[in-house]
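Here's the structure we're looking at; comments come further down.
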Amino acid sequence: MKHFARRLKVQDDINTDYVISGRYKFKIQDPKELAMHIFEDVDPGFASRVKKGDILASGENFGCGSSREQAPLALKQAGFQAIAAKSFARIFYRNAFNIGLLLVECNTDFIDDGDELELDIERGKLKNKSKGLILDIKPIAPVIKKLLEDGGAIEHFKKYGGFKFDKT
36 MKHFARRLKV
46 QDDINTDYVI
56 SGRYKFKIQD
66 PKELAMHIFE
76 DVDPGFASRV
86 KKGDILASGE
96 NFGCGSSREQ
106 APLALKQAGF
116 QAIAAKSFAR
126 IFYRNAFNIG
136 LLLVECNTDF
146 IDDGDELELD
156 IERGKLKNKS
166 KGLILDIKPI
176 APVIKKLLED
186 GGAIEHFKKY
196 GGFKFDKT
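Under our numbering, the first residue of the sequence shown carries the number 36, and numbering increases by one thereafter.
Structure (structure tokens):
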């Protein structure tokens, strides 16, 4: 399956109110319905262009602001395989991994909307097949990889009745 980039017009400092507007955060409880409104104030129609497995590309400090869990939840429900950015706000980073949304840090300057991307977590690479570029991604800690495999920290906790990690 091919995965494509979905890039926003606004690159840096994407706050969680851009991801999902405050007018929806507390009115809509269904994650599927929330997903239909992602980035509505920044780029109307953005949600309709997202396909399952796409990778959202952005700039510095993605997820800044209040960073309630509705933002990463809506992105995951929209079908994003991962979010690629130069950096992430810390609370958004934690909330995303809690629900099993993969975040990768890399130089996103050479990713345009619609570029075909291939993510290789094990090798730490994000390949932009449209441009013939291979971008290095910041290594993901083994504990985070395990949480992602289990669907996030919440699902890991449910699965094991607490946190369980091999000490290899």
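Backbone N, C-alpha and C fix where the C-beta goes; we use that ideal spot for every residue, glycine too.
Small disclaimer: the values here were computed from a predicted structure and weren't measured.
Closer than 8 Å by C-beta to residue i: which residues in its own chain qualify, once you throw out the five before and the five after it? Chain order, please.
| i | result |
| --- | --- |
| M192 | The question names Met, yet the displayed sequence has Phe at residue 192. Contacts found: F198. |
| D155 | L161 and K162 |
| R84 | R41 |
| F74 | L43, Y53, V54, F81 and A82 |
Specify, as a first and last residue, the run of the beta strand (DSSP E) that residue i falls within.
| i | result |
| --- | --- |
| L137 | L137 to E140 |
| I118 | A117 to A120 |
| A70 | A70 -> not in any beta strand (DSSP E); alpha helix (DSSP H) instead, spanning P66 to A70. |
| A92 | I90 to A92 |
Please go through the same chain and pick out, in chain order, the residues whose beta-carbon is closer than 7 Å to the beta-carbon of residue i, but skip the five residues on each side of it.
| i | result |
| --- | --- |
| M36 | Reliability fails at M36, whose pLDDT of 49 lies under 50, so the model's placement of it is uncertain and the value that follows must be treated cautiously. Once the five neighbours on either side are set aside, the close Cβ partners of M36 are G88. |
| Q105 | I55, K60 and L69 |
| P174 | G159 |
Pick from the options: whose alpha carbon is nearest that of residue i?
| i | options | result |
| --- | --- | --- |
| E66 | D76, V77 and V54 | Sequence inspection shows Pro at residue 66; the Glu mentioned does not correspond to that position. The candidate whose alpha carbon is nearest that of P66 is V54. |
| I126 | H72, S101 and Q112 | S101 |
| F132 | L110, D150 and N142 | L110 |
| D48 | G94, I73 and S83 | G94 |
| A40 | N96, S165, F61 and I175 | S165 |
| Y128 | L170, G187, Q112 and F81 | G187 |
| I90 | N50, I189, I146 and F200 | I146 |
| L182 | F200, I169 and L168 | F200 |
| Q112 | M71, I189 and G196 | M71 |
Would you list the residues sitting across from residue i in a DSSP beta bridge?
| i | result |
| --- | --- |
| N50 | C99 |
| L40 | It is worth fixing the name first, because residue 40 is Ala in this sequence and not Leu. In DSSP, A40 forms a bridge with I90. |
| F15 | Within the shown structure, residues of the chain are numbered from 36 to 203, placing residue 15 beyond reach of any answer. |
| L154 | L161 |
Grab the span of the alpha helix (DSSP H) containing residue i for me, first residue to last.
| i | result |
| --- | --- |
| G57 | G57 to K60 |
| I73 | It is not in any alpha helix (DSSP H) - I73 carries neither H nor E in the DSSP assignment. |
| P79 | Run containing P79: none; DSSP gives neither H nor E here. |
Excluding the 5 residues preceding and the 5 following residue i in the sequence, name in chain order all residues of the same chain whose CB lies nearer than 6 Å to its CB.
| i | result |
| --- | --- |
| G139 | The question names Gly, but residue 139 in the sequence shown is Val. Excluding sequence neighbours, V139 sits near A117, A119 and I172. |
Determine whether the Cβ of residue i lies closer than 8 Å to any Cβ atom of chain D.
| i | result |
| --- | --- |
| K67 | Going by chain labels, chain D is absent from the structure shown, which holds only one protein chain. |
Worksheet item: Taking the runs of the beta strand (DSSP E) that are 3 residues or longer, which of them lie wholly in the stretch 156–199?
Response: 160–163 and 168–171
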